[in-house]
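Under our numbering, the first residue of the sequence shown carries the number 2, and numbering increases by one thereafter. Data block below; observations after.
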Amino acid sequence: TPLPPALAQAAARLQQRGLQMATLQQALQLYRDARRLSGLVVFVDARNDRSYQEGHIPGAWQLDPYRHENYMAAVQPVCQQAEVVVVYCTGGDCEDSEMAAVMLAEAGIPKNRILVFAGGFDEWSANKLPVEKGARMPPQQSQSK
Numbered sequence: 002t003p004l005p006p007a008l009a010q011a012a013a014r015l016q017q018r019g020l021q022m023a024t025l026q027q028a029l030q031l032y033r034d035a036r037r038l039s040g041l042v043v044f045v046d047a048r049n050d051r052s053y054q055e056g057h058i059p060g061a062w063q064l065d066p067y068r069h070e071n072y073m074a075a076v077q078p079v080c081q082q083a084e085v086v087v088v089y090c091t092g093g094d095c096e097d098s099e100m101a102a103v104m105l106a107e108a109g110i111p112k113n114r115i116l117v118f119a120g121g122f123d124e125w126s127a128n129k130l131p132v133e134k135g136a137r138m139p140p141q142q143s144q145s146k
């Protein structure tokens, strides 16, 4: 099936930057991947504090690209050790996840390990998938169901 126009545009933009896009199915598969529990699959939320606190993909690390200096020290080493880093923001026309992905690449995370989940949190929550509110909690077995 062809991608919706907004996702097709995002995929083209990412390709120009040497980055890859993840669909909802790919993001969900990685969320359920056992490697997430050991930090080999990492989710990064590129939204602001308020949005993150109101709800994020469980276990996601926050990296607001407009205040990256507040987050990079915590997020970079986590991403450095991961095999796959899934970056997302609100989704749709929002490009904050692309900015955050570029920042991670510039900080030394290999681009072939970075995926941008273009549907973002809006698509995730619209599909009634697990959401965590408040501060980040380490991933637990029960969350991977």
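Just so you know, even glycine gets a beta-carbon here, dropped at the ideal spot from N, CA and C.
| Check | Outcome |
| --- | --- |
| Reference Tyr32; option with closest CA among Ala9, Gly19, Ile58, Ala7 | Ile58 |
| Distance between beta carbons of Gln21 and Leu116, contact taken as under 8 Å | 5 Å |
| For Asp94, the nearest candidate out of Glu107, Gly121, Leu105, Glu84 (CA to CA) | Gly121 |
| Rounded C-alpha distance that separates Pro66 from Arg114 | 19 Å |
| Neighbourhood of Ala108 by C-beta distance below 6 Å, restricted to the same chain and skipping five residues each side | Gln77 |
| Exposed unless 16 or more other CB atoms sit within 10 angstroms - verdict on Asp50 | exposed |
| Cα-Cα separation between Gln81 and Val42, rounded to whole angstroms | 11 Å |
| Opposing strand residues paired with Val85 [DSSP bridges] | Val42 |
| Beta-carbon proximity list for Asp46, same chain, < 6 Å, skipping 5 on both sides | Tyr53, His57, Ala61, Gln63 |
| Closest residue to Leu8 among Ala127, Ser39, Tyr72, Ala23 (Cα-Cα distance) | Ala23 |
| Anticipated Cβ contact below 8 Å, Phe124 with Leu25, distance rounded | The identity of residue 124 in the sequence shown is Glu, whereas the question assumes Phe. With a Cβ gap of about 5 Å, Glu124 and Leu25 count as contacting. |
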